[in-house]
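Peer 1: Handing you a structure now.
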Amino acid sequence: MRKWILPSAIVAMALASAGAAHAFMDEGTVRVGHIGILTGPGVDYGTQVLNGLKVAQDEINQAGGVTVAGKKVKFDLAPYVYDSARNVAQAIALTRKLALSDKVLAVFGPVSSNEAVSVFGVLQRKLGDSVDTGLQLPIMNTSAMRDGLGEMSPWAFRNATVEQFLLAESLPKVIAARGPIKTASVVYLGSEDYGPAMLKSVYGPLLEKQGIQVVSADGVHEGDRDYSALIGKLMRLNPDMLILLARYDVGAKTMIEAKRQGFTPKLVWASGMISQELIKTGRAAVEGMMMVSSYDATVPRAAEVAKKFKVAAGVEMNEFGANSYEALYLLKAAIESSDLRNTAESVEEDRRKLQAALRQIKGFPGLIGNIDMHPSVNDTIKQGLVVTIRNGQFDVWKP
Amino acid sequence: MSFLLQQILNGAMYGCTYALVGIGFNLVFGVMNMINLAYGEVIMAGAFIALALVVFLDTPLLLAGLAAAAACAVIGMIVEWTCLRPIRGAHYMAPLLTTIGASIILLEIFIKIFSTEEWLFPTAFEFSQIKVAGLTVRVPYLIILGVSLTLMIALHFWITRTQNGRAVRAMAENVDAARLMGINVDALTSLTFALACALGAIAGVLIAISSSIVSTTLGSEMLLKGFVVIVLGGLGSIPGAALGGVLLGIVEGVTVAYLPSLYRDFFSFGLLMIMLMARPTGLMGKRIAERA
Amino acid sequence: MDYALTLLSTTGINIILALSMYAVMSTGQLSLAQGAMFGIGAYAAAWCTTVAGLPLWFALPVGSAIAALVGAALGAVLLRLKHFYFAIATLAFGELVRVFFLNFEWTVETSSGPIGPRGQLGFQKIYYLAEHGWTVAQFTGLVWAILAGLFAIFALLDVSRMGSAFKMVRDDEVVAAAVGLNTTAIKVTAFSLGSAVAALGGGLYAHFATFLLPGYFGFARSFEALIYVAIGGIDTFLGAIVGAAFLTLIPESARIVQDYRMIVFGLLLILVVLFRPRGVIDRGTLRWLRQLFRSRHAPDLARL
């Protein structure tokens, strides 16, 4: 019985891909896909990304759709949403499926940084390079925070909160306001590469420029419950600034212990933990924490979208959902500014045109400000704002 | 110097939770030579059952803890009955695999209910602490110490003074002889399992109240710690597990206090390997023939 | 088509991982270091093709050789420990290897930035395949060619004297020692072989995924290998193949149960062990298969 699983799976898949050979315009849709995390760890991020896309799709379709080859067509993500379950090999396989069997124009995702690095790694690295056997498919990521993702391939784009761009302006202002700050300690999640990557390429140079010495860097473990020794050590070192680069639970646990032992540095700055969960679990201990965000829920347009999002997803929208919402609109703009034919035969050509159009994004109206594609890498430059936790809420900070 | 002492004190007190985990492990392994890899998830289950009772039904902590222990005792008996009893006598890997299966199922069920997010376990004494001889003793740790000591003493009493306890020791020596003497091996096995899981549940609750925040990842982390503890302390030795747990807590605390956190695993596992090579029976384990 | 081929590649790599676990288990030992050996092979082979600029056909064996040496050394030290202790020791070793890679940096500067392993940042830009024009089909072919080679090696091992010695040690070490076999040397050989095979799989994985993180090679990976063999069958290398293939492809064909995938998997594990403790392909199935092949010949008097 088991002997037949593999051959029949292959036959089934071959049949499925054979059925995709009719013109897309006849369907009245533009094909876009999504590699998401629908089950397993990371599903809370996956939910944000998926629903950000869904809310945008509903809005766009209700307003008539996307204009392609002179006609209005709709977005229909549903048949092309796949679950990688945060498995790298799956993500790679699914990307190839979307590119070659499903023949989508573009893909959103993957959700986690690890998957993103591998998936971007199998894309073509130089346009027009005939030796390079990488995939030629525009992929837009809206949730991976690891730096350098926008430089990996001309086909890989990112509309995410890329802190390396936002921090250069915001952080010095905050430091000046809270200063003088001479020393900093860093706490990050040791089992992920996000923290070390941020430290090495973003925070390290920034702090050095500000003349701040990093006196300690600790990678805590995923399941760590007891932070007493860590905070004990930090109290001895007594840095002026504490930098947290991790998920919200590490932040909450660190701050609770800090409150318990009376560790109160002049500035607590965080990355990667803008979510209601931080406030829910940290409560009074996280008051005064500061971070940079590209999403401000109080801006009218953002608030409207957030309401629809809450209905669709059942949870509050955060910047991942916001970035994904913007991303579909970005794609729409790129589609409409290129001369696509949207047929099964023109897929490769259409993708190339789309890639070029995405590179040209300038002055695009995002949720809280204008968005430009960076001149040399494929990351969008967005408006950033500094937020602080005040009275159990994220509040915009002004110096 | 007082900084070092403080870290040692904290580590030792927190290490009592590891001790409880190790004791529960050893009860099952030492007595029945069976490994229960679902134990980690049982600990997690205990923490979350108590959490749910406290957060959603406003149950007082003590009651919630006891209820969690009872519930996990039942879970333990189910696991024993379905995953271990049917394969007694099969090759040594069989119980490893079935209990891994059980742990996967248990974890999934709790993830479905509680998702993978972090939950707050509110307690009144979260920030309470007292000063003793210039050192700070935090109340949650005090509770851990108190509860653990009580349980360990009670367990010791049970094993050495009660009839059931003595029967269990007889089983550990020689199962067949015990059976011949009229001891109901099946019933006692279930009982020991239930007891071990109840202990695990309480360990889970203690961990939850001292760290304020729990998630469903607690299980796998505790399983790994459990391994280290029983190897350090000695397979089958209950006082050994107690010692091993406290020792591990101290090693972890002191390592993090003086070195970057990344080295903590290096020391825990390094210690483990050295122990295995130099003295595989652990600090207090029974001598076991190594050459098969 | 490339989708199916990608799945085949992944399956192939998982089978190699499973075979490495089988190699160790064929002498009755349980190792939880296969993930670490897989990782050593991955990092070593990737380093060869990126930092050292060596070709793939050279990089893969180098990775295997390194792992084989590590395995031999480790085995010599640890194999006097009994089953459970040995397993825990390999688990600890695996974690130490992970900590090692979290701190291991060896990069060279290139026009596109540093290339090589970078500790906690992982090992990025393993672009050998794309740079040398390898298609998905060609890579899949390579994986399965290597598998065919391993298949031959394990089949030969099975019928050789060494193989019989392995089986004797697995079935009863005391008896094996009594008839004069050097049980420790045999166990170390098997462990070294298992390490080399795991490293081969790791090297292939590195080039498939283009990106490595130390966390990919912890005990979760070792457990994966264990489960492939445990479900497929622990008494024969065919078990490793069947187990890995089945468990890699099943999630693909059962999309409907995606949401309850883990519960199904856990139940499967329990049920297989309860009803077929030695795996799907156990001695009974082997016997049946053998008789299937012998039914053409004269009645076989030698009962297995």
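Chains as they are written, first to last, in our numbering: chain A, 28 to 426; chain B, 34 to 325; chain C, 76 to 379. Just so it is clear, CB atoms sit at the ideal spot from N, CA and C, and this is done for glycine as well.
Evaluate contact between the stretch 268-277 of chain C and the stretch 90-101 of chain C, counting only Cβ atoms and requiring at least three cross-stretch pairs below 8 angstroms.
Peer 2: Counting Cβ pairs under 8 angstroms, three or more are found: they touch.
Peer 1: Mind listing, in chain order, the continuous alpha helix (DSSP H) runs of no fewer than 4 residues lying wholly within the stretch 247-293 of chain B?
Peer 2: Correct list: 251-266 and 271-291.
Peer 1: At a cut of 8 angstroms, does the stretch 102-115 of chain C reach the stretch 215-235 of chain C through at least three beta carbon pairs?
Peer 2: Too few Cβ pairs lie closer than 8 angstroms, so no.
Peer 1: Note down, in chain order, every chain C residue with its Cβ under 9 angstroms from the Cβ of residue 295 (chain B).
Peer 2: Here the neighbours are 174, 177, 178 and 195.
Peer 1: Can you give me the Cβ contacts of residue 179 (chain C) inside the same chain, cut-off strictly under 7 angstroms, excluding the 5 residues immediately before and after it?
Peer 2: Within the same chain, residue 179 (chain C) has close Cβ partners 192 and 194.
Peer 1: Could you check whether the Cβ of residue 111 (chain A) sits closer than 8 angstroms to any Cβ belonging to chain C?
Peer 2: False, the Cβ-Cβ gap to chain C never drops below 8 angstroms.
Peer 1: At a CB-CB cut-off below 9 angstroms, which residues of chain A make contact with residue 118 (chain C)?
Peer 2: In chain order: nothing, as chain A lies at least about 15 angstroms away.
Peer 1: Name the two residues that bound the continuous alpha helix (DSSP H) containing residue 85 (chain A).
Peer 2: Its alpha helix (DSSP H) spans residues 70-89.
Peer 1: Once the 5 residues before and after residue 427 (chain A) are set aside, which same chain residues still bring their CB inside 7 angstroms of it?
Peer 2: The structure shown does not extend to residue 427 (chain A), since chain A spans only 28 to 426, so no value can be given for it.
Peer 1: Return no unless some Cβ of chain B is closer than 8 angstroms to the Cβ of residue 340 (chain C).
Peer 2: With 8 angstroms as the cut-off, residue 340 (chain C) counts as an interface residue toward chain B.
Peer 1: Along chain B, which residues have their Cβ under 8 angstroms away from the Cβ of residue 249 (chain A)?
Peer 2: Within chain B, the residues near residue 249 (chain A) are 250 and 254.
Peer 1: Where does residue 114 (chain B) sit, in a helix, a strand or coil, going by DSSP?
Peer 2: Reduced to three states, the DSSP call for residue 114 (chain B) is helix.
Peer 1: Comparing C-alpha positions only, which one of C:242, C:184, C:352 and C:278 sits nearest to residue 306 (chain C)?
Peer 2: Checking every option, the nearest Cα to that of residue 306 (chain C) belongs to C:352.
Peer 1: Kindly provide the ranges of any beta strand (DSSP E) runs that are 3 or more residues long and lie completely inside the stretch 128-189 of chain A, ordered along the chain.
Peer 2: Correct list: 133-135, 166-168 and 183-185.
Peer 1: Looking at chain C, which residues of the stretch 57-89 of chain A have a Cβ within less than 8 angstroms of any of its Cβ atoms?
Peer 2: Under the 8 angstroms Cβ criterion, the stretch 57-89 of chain A contributes 65, 66 and 67.
Peer 1: Quick one: list the residues of chain A neighbouring residue 245 (chain B), beta-carbon separation under 7 angstroms, in chain order.
Peer 2: Correct list: 283.
Peer 1: Between the alpha carbons of residue 365 (chain C) and residue 245 (chain C), how many angstroms are there, rounded?
Peer 2: Cα to Cα, the separation comes out at about 21 angstroms.
Peer 1: Determine the direct distance from the alpha carbon of residue 306 (chain B) to that of residue 167 (chain C), and round the result to whole angstroms.
Peer 2: If I take the Cα positions, the gap works out to 6 angstroms.
Peer 1: Based on Cα-Cα distance, which residue from A:424, A:280 and A:130 lies nearest to residue 56 (chain A)?
Peer 2: If we check each option's Cα against that of residue 56 (chain A), A:130 comes out closest.
Peer 1: Looking at the secondary structure, which residues open and close the alpha helix (DSSP H) in which residue 257 (chain A) lies?
Peer 2: Looking at the DSSP string, the run of the alpha helix (DSSP H) that includes residue 257 (chain A) is 255-264.
Peer 1: Do residue 65 (chain A) and residue 84 (chain A) have their C-beta atoms within less than 8 angstroms of each other?
Peer 2: Cβ atoms of residue 65 (chain A) and residue 84 (chain A): not closer than 8 angstroms.
Peer 1: Hey, how far is the Cα of residue 289 (chain C) from the Cα of residue 250 (chain B)?
Peer 2: Cα to Cα, the separation comes out at about 19 angstroms.
Peer 1: Grouping DSSP H, G and I as helix and E and B as strand, with all else coil, what is residue 227 (chain C)?
Peer 2: Helix at residue 227 (chain C).
Peer 1: Measuring straight from C-alpha to C-alpha, what distance separates residue 150 (chain A) and residue 285 (chain C)?
Peer 2: The straight-line gap from Cα to Cα measures roughly 11 angstroms.
Peer 1: Once DSSP output is grouped into helix, strand and coil, what is the label at residue 324 (chain A)?
Peer 2: DSSP places residue 324 (chain A) in coil when its eight states are reduced to three.
Peer 1: In angstroms, rounded to a whole number, what distance separates the CA positions of residue 365 (chain A) and residue 355 (chain A)?
Peer 2: Taking the straight line from one Cα to the other gives about 15 angstroms.
Peer 1: Taking the alpha helix (DSSP H) that residue 282 (chain C) belongs to, which residues open and close that run?
Peer 2: It spans 258-284 - the alpha helix (DSSP H) in which residue 282 (chain C) sits, taken as one unbroken run.
Peer 1: Determine the DSSP secondary structure at residue 118 (chain C), reduced to helix, strand or coil.
Peer 2: Three-state DSSP puts residue 118 (chain C) in a helix.
Peer 1: Nearest chain A C-beta to residue 57 (chain B) closer than 8 angstroms, yes or no?
Peer 2: Output row for residue 57 (chain B): interface = no.
Peer 1: How would you call residue 325 (chain A), buried or exposed, if buried means at least 16 neighbouring beta carbons within 10 angstroms?
Peer 2: Under this definition residue 325 (chain A) is an exposed residue.
Peer 1: Would DSSP call residue 441 (chain A) helix, strand or coil?
Peer 2: The requested residue 441 (chain A) does not occur in the structure, where chain A is confined to residues 28 to 426.
Peer 1: May I ask you to report which of helix, strand or coil DSSP gives residue 48 (chain A)?
Peer 2: Low confidence applies to residue 48 (chain A): its pLDDT is 39, below 50, so where it sits in the model is not reliable, and the reading given next is rough at best. Residue 48 (chain A): coil per DSSP, three-state reduction.
Peer 1: Would you kindly check if the distance between the Cβ of residue 93 (chain A) and the Cβ of residue 61 (chain A) is under 8 angstroms?
Peer 2: No, the pair does not count as a contact, with Cβ atoms beyond the cut-off.
Peer 1: With respect to the alpha helix (DSSP H) encompassing residue 307 (chain B), which residues constitute its N-terminal and C-terminal limits?
Peer 2: Looking at the DSSP string, the run of the alpha helix (DSSP H) that includes residue 307 (chain B) is 296-311.
Peer 1: Is it the case that the Cβ atoms of residue 317 (chain A) and residue 295 (chain A) are separated by a distance below 8 angstroms?
Peer 2: Their beta carbons are under 8 angstroms apart, which means residue 317 (chain A) touches residue 295 (chain A) by this criterion.
Peer 1: In chain B, which residues lie less than 7 angstroms from residue 305 (chain C) when you measure between Cβ atoms?
Peer 2: Going along chain B in sequence order, the residues near residue 305 (chain C) (Cβ under 7 angstroms) are 126 and 130.
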